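>
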Amino acid sequence: MKKLIALLLALVMVLGLVACGSGNETPATDAPVSDAGNETPATDAPAASGEKVEVTMIAAQYGTQTADWWANFVSEFNAANENINLVVDVVSWNDIYTVVNTRIANGEAPDLLNIDVFADYQADGLLLPASEWVSEETYAKFYPAFLEQSVVDDVVWAVPDLASARALYYNVDILNEVGVEVPTTWDELTDVCQKIYDYYGGEVYPWGVDMTTDEGQACFAYYIWNNGGDFTDAEGNWTLNSAENVEAIEYIIGLVNAGLTNSDPANETRYDNQDMFGAGKVAMMIGPNSIPTYCSVGGYDVNYAVASIPVNGDNASVSAGVMDRIMCFDNGYTDEELAAVTAVVDAFYDDEPYSEWVLMEDFLPATSAGGEAMAAANPESAAWIEIVGSAKFYPTAKAEWADVKQGVIDVLQQALLGEDVQTLLDDLQAEIAG
Amino acid sequence: MKKNSPKKAPKNSLARTIEPYIWIAPSVILMAIFIVIPIGYVFYMSVSEISKAGLVKGFAGLENFSKVLGSSKFSLVLKNTVVWTIMVVVLSTVLGFILALLLNNKFKGRKIARAIVVFPWATTLVIQASAWKFIIDTDYGALNTLLKSLGIIGANVNWTPTPEAFFAWEIACGIFVTIPFVCFTALSGLQSIDSSYYEAATVDGATYFQQLFNITLPLVKPSLTVATVLNIIYVFNSFPIVWTITKGDPASRTDTLVTYLYKLAFYNGKQGEAAAVSVIGFLILLVCASVYMVSTLKKGDE
Amino acid sequence: MNDNIRVNWQKLLLRILLYFVVAVICVVILYPYFVMLCTALKSRAEIFSINGTVLPLNALWSNFVDIWKKAPMAQYMLNSIIIAGGSTAIAMVCGIPAAYALARMKFKGQTAFLGFIIVSQMFAPVVLLIGIYKVMQVMNLTNSLLGLIFINAAFNQAFTIWLLRGTFMSISAEMEQAATIDGCNRIQAMMKILLPVAAPGIVTTLIFIFINAWNEYTVALCLISTDTIKPLTVGINIFNGYNMIEWQYLFAASIFAIIPVVILFMSIEKNLTAGLTAGGVKG
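These protein sequence lines map, in sequence, to chains A, B and C. Mind the numbering: the first sequence is residues 32 to 465 in the working numbering, read in order. Mind the numbering: the second sequence is residues 856 to 1157 in the working numbering, read in order. Mind the numbering: the third sequence is residues 328 to 610 in the working numbering, read in order.
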């Protein structure tokens, strides 16, 4: 018992040391330069003392090398720019919304943020237009189609950092074994799935589907877009319960109910499907351009090929594009601080580091220079850059998107449990638009 | 036996009155700063209009509450939460107590057995739940692999064919990680029971179960009651297990209040409604706790 | 004679039954860890293979080495130890006097205080995040280990005070009173007489706080942004990428994370039984 008390006391002492230690070391990284809510700290008047301008950034963690890459970028950038202190916090996708929302709610928005959504921040007037913090030189590098995805009220509020596109992946060996061709239409798809199912007696799942909270909205988009439907009409009005959408969702729910897909689409994510695809358990699935890397890093020796996403009837095949962004929060900058932000953005999109970053993360570049570098490194990727150029994107610029996203996932899951698709989509449309 | 405690120090009556408050002061200050202020902020948010990015835009009255209560999901989620809490708390308390009785016996290897019981507690819930997800998966799950290699089943079994089955597994996982807590709380109570009670009872010819109900249970009850009340609160508010295994899918069939409000707050950007959900959860717990306070605490103090 | 033999047989049977039941329970408890270990030793392709085997075909012990190269595991673990140790110390230093006052003194507001402690637990940390961050901002404790230590200590006050109050109340106050007459002050009496007798409760509380703080995730995630002061729970997120969750590394890291807790437990476990001998003190 005496030992125990001694241990406690020792811990208190250690604690005292830690307290002092952290007191000494934290201020450098801790104090936010520019704080929307509070008065601005000392760094606002840096001129005389030669104090550094701090730029804070939260970056999404795409892969296991992301954190290392940023650490390296930061040290090189800070070495090259003596008057700037760049601080980057890399956060995993699981948690990034929690972290960012907590900081924003407390008036500690980062200066730069790398994430997928922007409309909610823009709606609150938290963002600066891209023209104010992106140099003309960098701005000219982006594919115009990508910039359009971040426009609200004719102003570009964020710049794309990377994109990915989706296509049909199929297991060549399984299709050959069964003796079927790659499906291009939904009728063919049903037929091929049934043949695969019969051939393997249910041991192989013909079609991989993800209707989870993770990415169910992608599933929704694949089928409505390839049935001539969409989330909105040309004027931007929500059209969630259009006849095309209802037909599309009834089709995919029917496929699941016929037992032609993975066993539990409401709980198996795209990653589960990718792993089962790699293991030869799932014969076909719609997936991103990163699947080749997924297979090679994962050690799967699956023999696969890529094709267009099957369509209903004679609709044109539409790929789904996903794009992430970098945005700048309006933290009341001085000219010098804004120049520092611009310097960071310029350095990031500088052709060499940017190409290296996109290649490492296995995404598609958002700049033409990045596109050329990628095409040079890997001829196959040229096709992908073309695909993403013509892909459709989620209507992320619309303020209701977060509700629509959760809403369509809920519709899919309710439909799986036996509810009527038409009723569900009518209700959702009424809730969102009415 | 109580003889020399009263009328000892009438002199310093002011100091006497203040003394207890000094003893509890550090604890009160600690909790006031780090828990009570944040709780106050939750109440503030629950009656505020909050933008999707998380900025407070103004006073909303009870609008957040009426939205939450008007949602078709809410009663389903509430029902799930009640089932989840009762099942996990009752079963883990019974099993944990039995385990404590076993581990209270002297036997070779007891130290190792006790250390093993700590395991489920010593692992982060997210990882723990991930491991369970791996075990029950239909296609690559460890349970199917094990049963197949033992020759018990021929083909993979789908352990989670319905949302209810999934929820049952989540409850099982909840029980699994809660047992150590109950077990060690009960054990600490068991260890302080004077062995002379049992010796006397054995001489009187009492059976094992008579001893259990007449000696052990009454003496362990205080520590077990505390554990149970806190357990109800912790389990009610438990987040990682359900979140890791199903995220509340499909269609909120496996959601509890906390996973539901997490989605509201961070997926749908409705922090005001999320705060309202947590205030409602708080009120439910408060009613339960008051019932407990009135019944148990009063009795104990007299 | 016959009776004696029967009693011995019964005893032996009970003994065997006890061992059997404990063994079964231990196997069930260890099973998820066995699965984690096997998964940690497999390659990704083997983890998800259709015809998987229980044991890894080709154990990749290198996974256990790789995690130390891929992430500053030692640093994370040290941070976790500081956080859990510090939280335990502060929670005990604040909680023991409060529990003592509740058990040994009568004062106005006693019941209210006990109720307040319970009420303080009724919100999930996930809900309190924004408010916690606000407090930390004011105290300049965001992104510091000290902030996390205070939060964890505060969150564990309820269990600490309630369990210790119960333990103290079950111990007779006579010895302390005798000691007071002998010239000890209250603090000395508590330290020298009460606490040693209350060891089982104290040890249970210690383990409880340490483990809770060791496992805390949500608050640490939002408060800590500098990589070098992240605790293990948050740090190992590095294996949880957008494109690929590296299960083998996550599980390998989690197995390491159990070790300090089990060591702590084994080293203070004997105090769990101290009450048996101390029970004699009771009058």
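By construction, the Cβ of each residue, glycine as well, lies at the ideal position given by its N, Cα and C atoms. These figures come from a predicted structure and were not determined experimentally.
Name the one or two DSSP bridge partners that Gly352(A) has.
Residue 352(A) sits at position 321 when you count from the first residue of the first sequence. According to DSSP, which records beta bridges pairwise, Gly352(A) is partnered with Ala196(A), Phe424(A).
> Of the choices Val348(C), Trp574(C), Asn378(C), Asp554(C), whose alpha-carbon is the least far from that of Gly1009(B)?
The residue you call residue 1009(B) lines up with position 154 of the second sequence. Closest option to Gly1009(B), Cα to Cα, is Asn378(C).
> I want to verify the contact list: residues of chain B whose CB lies under 7 Å from the CB of Tyr152(A), in sequence order.
Stepping through the first sequence from its first residue, residue 152(A) is reached at position 121. Those are Ala908, listed as they occur along chain B.
> Using beta carbons (cut-off 7 Å, strictly below), is Ala481(C) in contact with chain A?
Along the third sequence, read from residue 1 onward, the residue named residue 481(C) stands at position 154. Closer than 7 Å: no.
> Note down the Cα distance separating Ala433(A) from Ser906(B), rounded to an integer number of angstroms.
Position 402 of the first sequence holds residue 433(A). Position 51 of the second sequence holds residue 906(B). Whole-angstrom Cα-Cα distance: 13 Å.
> Relative to the C-alpha of Ser399(A), which residue among Phe177(A), Asp204(A), Leu369(A), Asn109(A) is closest?
Taking the first sequence and counting its residues from 1, one reaches residue 399(A) at position 368. Nearest of Phe177(A), Asp204(A), Leu369(A), Asn109(A) to Ser399(A), Cα basis: Phe177(A).
> Which term fits Gly344(A), buried or exposed, when burial requires 16 or more other beta carbons within 10 angstroms of its beta carbon?
Indexing the first sequence from 1 puts residue 344(A) at position 313. When all chains shown are included, Gly344(A) counts as exposed.
> Taking the alpha-carbon positions, what's the Met32(A) to Asp1049(B) distance?
Counting from 1 along the first sequence, the entry for residue 32(A) is found at position 1. Counting from 1 along the second sequence, the entry for residue 1049(B) is found at position 194. The pLDDT assigned to Met32(A) is 48, lower than 50, so where the model puts this residue is not dependable; a value taken from the coordinates is nonetheless given after this. Near 19 Å, if we compare the C-alpha coordinates of Asp1049(B) and Met32(A).
> Are the beta-carbon atoms belonging to Leu475(C) and Ile536(C) less than 7 Å from one another?
Taking the first residue of the third sequence as 1, we reach residue 475(C) at position 148. Taking the first residue of the third sequence as 1, we reach residue 536(C) at position 209. No, these two residues do not count as a Cβ contact at 7 Å.
> Name, in chain order, the residues that DSSP records as bridge partners for Cys359(A).
Within the first sequence, numbered from 1, the residue matching residue 359(A) stands at position 328. Paired residue(s): Leu143(A).
> Closer than 8 Å by C-beta to Leu448(A): which residues in its own chain qualify, once you throw out the five before and the five after it? Chain order, please.
Residue mapping note: residue 448(A) aligns to position 417 of the first sequence, counting from 1. Correct list: empty, nothing qualifies.
> Would you say Arg342(C) lies against chain A (beta-carbon separation less than 7 Å)?
The residue given as residue 342(C) occupies position 15 in the third sequence. No - not a single Cβ of chain A is within 7 Å of the one on Arg342(C).
> I need the DSSP call for Ala870(B), collapsed to helix, strand or coil.
Translated into the one-based positions of the second sequence, residue 870(B) becomes position 15. Ala870(B): helix per DSSP, three-state reduction.
> Please classify Asn132(A): is it buried, with 16 or more other beta-carbons within 10 angstroms of its beta-carbon, or exposed?
Position 101 of the first sequence holds residue 132(A). Buried is the call here.
> So that I know if they touch, is there some Cβ in chain B lying closer than 7 Å to that of Lys429(A)?
Taking the first sequence and counting its residues from 1, one reaches residue 429(A) at position 398. Chain B places no beta carbon closer than 7 Å to that of Lys429(A), leaving this residue out of the contacts.
> With a threshold of 8 Å on Cβ separation, who are the neighbours of Ile280(A) within its own chain once the five nearest residues in sequence on each side are excluded?
Here residue 280(A) refers to the residue found at position 249 when the first sequence is read from its first residue. Around Ile280(A): Phe251, Tyr254, Ile255, Val442, Leu443, Ala446, Val452, Leu456.
> Identify which residue in Tyr331(A), Ile440(A), Glu411(A), Ala413(A) has its Cα closest to the Cα of Ile374(C).
Position 47 of the third sequence, counting from 1, holds the residue named residue 374(C). Checked all of Tyr331(A), Ile440(A), Glu411(A), Ala413(A); the closest Cα to Ile374(C) is Tyr331(A).
> Looking at chain B, is there any beta carbon in it that lies within less than 7 Å of the beta carbon of Cys549(C)?
Counted from its first residue, the third sequence places residue 549(C) at position 222. With 7 Å as the cut-off, Cys549(C) does not count as an interface residue toward chain B.
> Alpha carbon to alpha carbon, how far is Asp142(A) from Arg613(C)? Give it in angstroms, no decimals.
Residue numbering for chain C in the displayed model covers 328 to 610; residue 613(C) lies beyond these limits and cannot be assessed.
> Per DSSP, which residues does Leu158(A) bridge with? Please list them.
Here residue 158(A) is taken as the residue at index 127 of the first sequence, counted from 1. DSSP, once it has assigned bridges, lists Phe360(A) as partnering Leu158(A).
> Ordered along the chain, which non-local residues of its own chain (more than five positions away) have a Cβ less than 6 Å from that of Asn406(C)?
To locate residue 406(C), count along the third sequence from 1; it is residue 79. Excluding its 5 nearest sequence neighbours in each direction, Asn406(C) has C-beta neighbours in its own chain below 6 Å: Ile556, Pro558, listed in chain order.
> Check whether the Cβ atoms of Trp939(B) and Thr1083(B) sit closer than 7 Å, and answer yes or no.
The count along the second sequence starts at 1 and reaches residue 939(B) at position 84. The count along the second sequence starts at 1 and reaches residue 1083(B) at position 228. Taking C-beta atoms as the reference points, Trp939(B) and Thr1083(B) fail to come closer than 7 Å.
> Of the residues Leu384(C), Ala430(C), Ala451(C), which one's Cα is nearest the Cα of Leu441(C)?
The residue given as residue 441(C) occupies position 114 in the third sequence. It is Ala430(C).
> Using 7 Å as the limit for Cβ to Cβ distance, is Asn1171(B) near chain C?
Nothing in the structure corresponds to residue 1171(B), since chain B is present only between 856 and 1157.
> Closer than 8 Å, Cβ to any Cβ of chain B: which residues of the region 280-298 of chain A, in chain order?
Asn293, Ser294, Asp295, Ala297, Asn298
> Indicate the three-state DSSP secondary structure (helix, strand or coil) for Phe149(A) in the structure shown.
What you label residue 149(A) is simply residue 118 of the first sequence in a count that begins at 1. The answer is coil: DSSP assigns Phe149(A) none of H, G, I, E or B.
> Please report how far the alpha carbon of Ile1100(B) lies from the alpha carbon of Ser195(A), in whole angstroms.
Looking up residue 1100(B) in the second sequence gives position 245. Looking up residue 195(A) in the first sequence gives position 164. Each residue's alpha carbon lies about 27 Å from the other.
> I want to know whether the region 423-438 of chain A touches the region 222-239 of chain A - three or more CB-CB distances under 8 Å.
Segments in contact, no.
> Relative to the C-alpha of Leu924(B), which residue among Ala1130(B), Cys1143(B), Val1146(B), Glu1054(B) is closest?
Numbered from 1 along the second sequence, position 69 holds the residue referred to as residue 924(B). Per the Cα distances, Ala1130(B).
> Is there a C-beta anywhere in chain B that falls below 7 Å from the one on Asn511(C)?
Numbered from its first residue, the third sequence carries residue 511(C) at position 184. With the sequence shown as reference, residue 511(C) is identified as Cys, and Asn is not the correct amino acid for it. False, the Cβ-Cβ gap to chain B never drops below 7 Å.
> Which residue marks the beginning of the beta strand (DSSP E) containing Ile317(A), and which one marks its end?
By one-based count along the first sequence, residue 317(A) stands at place 286. Run containing Ile317(A): 313-319, per the beta strand (DSSP E) assignment.
> Does chain A have any CB closer than 7 Å to the CB of Arg431(C)?
Your numbering for residue 431(C) matches position 104 in the third sequence. Arg431(C) does not count as touching chain A.
> Using a Cβ cut-off of 9 Å, pull out every chain A residue sitting near Phe989(B), in sequence order please.
Position 134 of the second sequence, counted from the first residue, corresponds to residue 989(B). In chain order: nothing, as chain A lies at least about 11 Å away.
> Return the chain-ordered list of same chain residues with a C-beta closer than 8 Å to the C-beta of Val372(A), the five sequence neighbours on each side being excluded.
Locating residue 372(A) in the first sequence gives position 341, counting from the first residue. Setting aside the 5 residues that flank it on each side, Val372(A) is surrounded in the same chain by Val86, Asp142, Leu143, Trp164, Cys359, Tyr364, each with a C-beta closer than 8 Å to its C-beta; the list follows chain order.
> What in chain A is Cβ-close to Lys461(C), meaning under 9 Å?
Residue mapping note: residue 461(C) aligns to position 134 of the third sequence, counting from 1. In chain order: Ala136, Asn137.
> From this set, Thr1080(B), Phe1068(B), Ala1061(B), Trp1024(B), which residue's C-alpha is nearest Thr1109(B)'s C-alpha?
Walking along the second sequence from the start, residue 1109(B) turns up at place 254. Out of Thr1080(B), Phe1068(B), Ala1061(B), Trp1024(B), Trp1024(B) has the C-alpha closest to the C-alpha of Thr1109(B).
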